[in-house]
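Colleague: Residue numbers (the numbering used here): 1 to 282.
A single structure is presented below for examination.
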């Protein structure tokens with residue numbers, strides 16, 4: 001059984017969204033926030049598996065002056081059970097539901113995405129996933145070949161399969177994410193290709209796609225557009241969906257997109273997060 005370092009902090013009122021956004025920007029998803037009804041206090045619980053991440057995460061939290069209440073080593077199964085008590089199935093976008101309980105089915109009208117407990121952190125529960133999902137529905141996925149760069153839990157790849165996509169290739173550079181994405185694909189009975197890859201380095205010369213979606217931080221999106229394979233993986237008139245962008249980074253994304261012959265087609269936002277839809281120039 002995997003071991004994790006558990007850190008529990010007390011949050012001040014109205015800090016939940018700010019802390020969540022910072023973790024997503026940092027690329028860290030293993031946390032949840034709970035409220036104690038009796039005391040009216042809010043607590044942040046975070047779980048770190050890689051020791052090399054601990055200092056960076058604790059440095060980030062120290063910037064907000066959060067009070068550390070406890071630190072201990074715990075097993076994955078133990079904290080997942082506690083976390084599951086704090087969540088419910090939810091509607092990601094109209095007609096698309098996320099079921100965070102892998103051990104039970106739910107009946108909802110429309111599409112139900114089943115996710116592995118633990119893989120819901122950040123991704124499926126966050127605005128950036130919602131924005132990407134909205135744009136994927138807008139461009140239409142039926143019969144299309146789709147590549148998902150930085151797939152995380154695999155939720156967007158599984159969604160586009162439910163939207164009728166033909167081939168789906170999901171990439172991530174984190175071996176733990178790859179493992180979870182494979183488990184999630186099996187749970188949803190969908191056929192998607194999942195590879196461990198640093199950006200596009202495992203994509204073959206002959207592989208190209210109608211849609212590229214990437215829900216990662218802006219700095220990595222810029223690296224992605226500079227990847228030598230970026231243009232080659234895009235078919236003529238391919239759509240490109242970038243999510244996970246904050247306002248201060250939007251201009252740099254758009255400027256880099258112009259450099260690689262992408263045309264901005266749409267923009268959507270939710271709170272402090274932005275998603276952009278581009279299309280490849282013919």
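The beta carbon of each residue, even a glycine, is placed where N, CA and C say it ideally should be.
(1) Could you say if the stretch 238–247 and the stretch 272–281 meet the contact criterion of at least three C-beta pairs nearer than 8 Å?
(2) So, for residue 185: in the same chain, excluding its five sequence neighbours on each side, which residues have a beta-carbon less than 7 Å away from its beta-carbon?
(3) In this structure, how does DSSP classify residue 50 when only helix, strand and coil are distinguished?
(4) So, with DSSP's three-state summary, where would you put residue 18?
(5) For residue 167, which three-state DSSP category applies?
(6) If residue 76 sits next to residue 2, beta carbons under 8 Å apart, how far is it from one beta carbon to the other, in whole angstroms?
(7) Going by C-alpha distance, which of 190, 224, 137 is nearest residue 197?
(8) Starting from residue 159, follow the alpha helix (DSSP H) in both directions and report where the run begins and ends.
(9) Going straight from the alpha carbon of residue 270 to that of residue 109, what length do you get?
(10) Measuring CB to CB, does residue 151 end up less than 8 Å from residue 132?
(11) So if DSSP puts residue 32 in a beta bridge, which residue, or which two residues, is it bridged to?
(12) Suppose you measure from the CA of residue 64 to the CA of residue 267; what does that come to, to the nearest Å?
(13) Residue 182 and residue 203 - do their beta-carbons sit closer together than 8 Å?
(14) Whole angstroms are fine: how far does the CA of residue 39 sit from the CA of residue 199?
(15) What residues in its chain sit with their C-beta under 7 Å from that of residue 256, if we drop five residues either side in the sequence?
(16) Per DSSP, what kind of secondary structure is residue 90 in: helix, strand or coil?
(17) Where does residue 106 sit, in a helix, a strand or coil, going by DSSP?
(18) Quickly, what does DSSP pair residue 147 with across the bridge? List them, please.
(19) Since residue 233 and residue 264 should fall inside the 8 Å C-beta cutoff, what is the C-beta to C-beta distance between them, to a whole number of angstroms?
(20) When the Cα of residue 207 is compared with those of 16, 215, 188, 235, which residue comes out closest?
(21) So is residue 94 buried or exposed if we call it buried at 16+ other beta carbons inside 10 Å?
(22) Whole angstroms are fine: how far does the CA of residue 51 sit from the CA of residue 179?
(23) When DSSP builds the beta bridges, which residues end up paired with residue 4?
(24) When you compare only the Cα positions, how much space is there between residue 13 and residue 20?
Modeller: Put simply:
(1) yes
(2) 154, 158, 192, 194
(3) coil
(4) helix
(5) coil
(6) 5 Å
(7) 224
(8) 155–162
(9) 24 Å
(10) no
(11) 45
(12) 31 Å
(13) no
(14) 45 Å
(15) 222, 225
(16) strand
(17) coil
(18) 169, 212
(19) The Cβ separation is near 19 Å, so there is no contact.
(20) 235
(21) exposed
(22) 19 Å
(23) 74
(24) 14 Å
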